[in-house]
Amino acid sequence: MTTTTPAVPDRQRHVEDELVRTVLASFHNTPDARLKELMQGLVRHLHAFIREVRLTEAEWQQAIDFLTATGHITTDRRQEFVLLSDVLGASMQTINVNHEATAGATEATVVGPFFVEGSPEIAPGGDMAAGAPGEPCWVEGTVTDTDGNPVPGARLEVWEADEDGLYDVQHDDGHLAARAHLYTDDQGAYAFWGLTPTPYPIPHDGPVGTLLDKTARSPLRASHLHFMAASPGLRTLVTHIFVEGDSLLGSDAVFGVKESLVKRFERQPAGTPAPDGRDLSGRSWSRVRFDIVLAPQRT
Ligand code: BEZ
Ligand code: FE
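Following the UniProt record's numbering, the numbering of the sequence shown begins with 1 at its first residue and continues without gaps.
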């Protein structure tokens with residue numbers, strides 16, 4: 001196997017090549033062909049990395065210590081490995097690779113660590129904020145398939161941070177707010193009240209935060225509202241919408257922004273009547289439209 005390593009003497013290169021061959025061969029009898037492909041690919045790339053950067057033993061130990069700390073901080077409620085995958089762009093690259101199969105459908109982006117099962121159901125036009133602080137935002141749209149057919153009864157999960165940049169689950173008191181699920185109507189349409197999204201940092205008090213700090217990277221995410229859309233026979237979509245004009249669109253900590261997901265949130269001055277007649281008590285509000293297209297289920 002060849003590497004891009006500069007100026008490694010021939011004899012040394014042979015020793016290193018030989019080890020790669022031996023490790024690859026150790027997976028030769030893997031009965032599951034896909035597992036074999038994955039493990040041999042991993043070995044090839046891992047060894048190429050070690051050789052390219054001429055990894056020192058102290059650096060390898062540091063990497064082990066980092067992964068150990070990542071494991072220690074991970075619990076049922078905190079997934080530091082997913083966060084690591086996110087800040088390395090691995091989560092988004094996996095989504096990109098798989099998007100090829102869903103041409104014509106709404107693009108996906110990272111799920112993030114704050115989705116939880118068991119959100120309350122809201123009626124069409126209901127308020128998912130449930131008292132979470134922030135500017136009200138009227139969100140409406142449709143769900144269709146890639147042939148343009150409306151999808152009635154699609155289940156939409158929506159969740160977002162409040163204006164202080166916190167999700168309900170970060171309050172540790174068990175209350176649920178700024179998350180809900182609802183269903184599209186007979187025409188495949190939906191509408192609900194949420195909050196105008198604001199920027200917030202990903203959890204950065206653990207090993208991943210230290211990594212961001214040491215590499216002069218910001219933990220901030222561009223403002224967004226999460227969606228999960230599901231309907232039998234169609235591929236479940238996990239995505240967000242982002243706020244047009246947000247200064248963080250180009251530097252999202254987890255590389256989650258896609259141009260097609262950036263939406264105009266139209267600001268409505270205080271006193272502007274709400275679409276459903278809601279009394280907004282003299283507050284400003286915003287509105288956004290997000291039409292969702294679901295891909296066919298993978299065969
Ligand atoms: C989020 O959107 O909530 C999120 C996504 C990835 C990592 C951390 C947070
Ligand atoms: Fe989020």
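The beta-carbon is built from N, C-alpha and C at its ideal position, and this holds for glycine as well.
> Which residue's Cα is closest to the Cα of Gly-112: Ala-90, Ala-154, Thr-68?
Replying inline: Nearest C-alpha to Gly-112: Ala-90.
>> Pro-197 and residue 300 - do their beta-carbons sit closer together than 9 Å?
In response: Look at the range of the chain in this structure, 1 to 299, and you will see that residue 300 is not part of it.
>> For Thr-184 and Ala-154, which I take to be in contact (beta-carbon distance under 8 Å), what is that distance rounded to the nearest angstrom?
In response: Rounded, the Cβ-Cβ distance is 4 Å, consistent with contact.
> Between which two residues does the beta strand (DSSP E) carrying Ala-229 extend?
Replying inline: 224 to 230 is the extent of the beta strand (DSSP E) around Ala-229.
>> Tell me the residue span of the alpha helix (DSSP H) that contains Pro-207.
In response: Residues 207 to 214.
>> According to DSSP, simplified to helix, strand and coil, what is Arg-267?
In response: DSSP, reduced to helix, strand and coil, places Arg-267 within a strand of the structure shown.
>> Does Ser-286 come out as helix, strand or coil in the three-state DSSP assignment?
In response: DSSP, reduced to helix, strand and coil, places Ser-286 within a strand of the structure shown.
> Does DSSP classify Asp-17 as helix, strand or coil?
Replying inline: In the three-state DSSP reduction, Asp-17 falls in the helix class (H, G or I).
> Going by Cα to Cα distance, which pick from Gly-148, Asp-17, Glu-100, Ala-161 is closest to Ala-189?
Replying inline: For the set Gly-148, Asp-17, Glu-100, Ala-161, the Cα lying nearest the Cα of Ala-189 is the one of Gly-148.
> How about Ala-222 and Asp-246: are their beta carbons less than 9 Å apart?
Replying inline: Asp-246 is positioned such that its CB atom lies closer than 9 Å to that of Ala-222.
> Can at least three beta-carbon pairs, one atom from the region 154 to 174 and one from the region 225 to 242, be found at a separation below 8 Å?
Replying inline: Counting Cβ pairs under 8 Å, three or more are found: they touch.
>> Between the alpha carbons of Leu-249 and Val-257, how many angstroms are there, rounded?
In response: Taking the straight line from one Cα to the other gives about 6 Å.
> With respect to 8 Å, is the separation between the Cβ of Ile-241 and the closest non-hydrogen atom of the ligand BEZ below this value?
Replying inline: Set against 8 Å, the gap from the CB of Ile-241 to the closest heavy atom of the ligand BEZ is not smaller.
> Measuring from the CB of Pro-207, is there a heavy atom of the ligand BEZ at a distance below 8 Å?
Replying inline: If you check the C-beta of Pro-207 against the ligand BEZ, you find no heavy atom less than 8 Å away.
> Around the ligand BEZ, which residues pass a check of Cβ closer than 6 Å to any of its heavy atoms?
Replying inline: Result: Leu-83, Asp-86, Val-110, Gly-112, Pro-113, Phe-114, Ile-202, Arg-221, Val-254.
> If Thr-146 sits next to Val-238, beta carbons under 8 Å apart, how far is it from one beta carbon to the other, in whole angstroms?
Replying inline: Actually they do not touch by this definition, with Cβ atoms about 17 Å apart.
> So, are the CB atoms of Leu-220 and Pro-199 less than 9 Å apart?
Replying inline: Cβ atoms of Leu-220 and Pro-199: closer than 9 Å.
> Just the Cα atoms here: how many angstroms apart are Leu-176 and Ala-123?
Replying inline: So the two alpha carbons sit approximately 16 Å from each other.
> Can you find a heavy atom of the ligand FE that lies under 8 Å from the Cβ of Glu-160?
Replying inline: When distances are taken from the beta-carbon of Glu-160 to the heavy atoms of the ligand FE, the shortest one is below 8 Å.
> With burial defined as no fewer than 16 other Cβ atoms inside 10 Å of the residue's Cβ, what is the status of Phe-49: buried or exposed?
Replying inline: Label assigned to Phe-49: exposed.
> From what residue to what residue does the beta strand (DSSP E) around Phe-242 run?
Replying inline: Segment 237 to 243, the beta strand (DSSP E) holding Phe-242.
> What are the uninterrupted segments assigned as alpha helix (DSSP H) that are 4 or more residues long and contained completely in the region 114 to 139, given in chain order?
Replying inline: For the region 114 to 139, not one full-length alpha helix (DSSP H) segment reaches 4 residues or more.
> Hey, Arg-44 and Val-15: beta-carbon distance below 9 Å or not?
Replying inline: No, they are not a contact pair.
> Smallest Cα separation from Val-23: which of Gln-40, Phe-66, Leu-35, Ala-33?
Replying inline: Of the candidates Gln-40, Phe-66, Leu-35, Ala-33, the residue whose Cα lies closest to the Cα of Val-23 is Gln-40.
> Where do the N-terminal and C-terminal ends of the beta strand (DSSP E) with Arg-179 fall, by residue?
Replying inline: Counting along the chain, Arg-179 sits inside the beta strand (DSSP E) bounded by residues 179 to 183.
> Near Leu-212, which residues of its chain fall below 8 Å by C-beta distance, leaving aside the five closest residues on each side in sequence?
Replying inline: The residues Val-87, His-204, Ser-218, Pro-219, Ala-253, in chain order, have a CB closer than 8 Å to that of Leu-212 in the same chain once the five nearest residues on each side in sequence are set aside.
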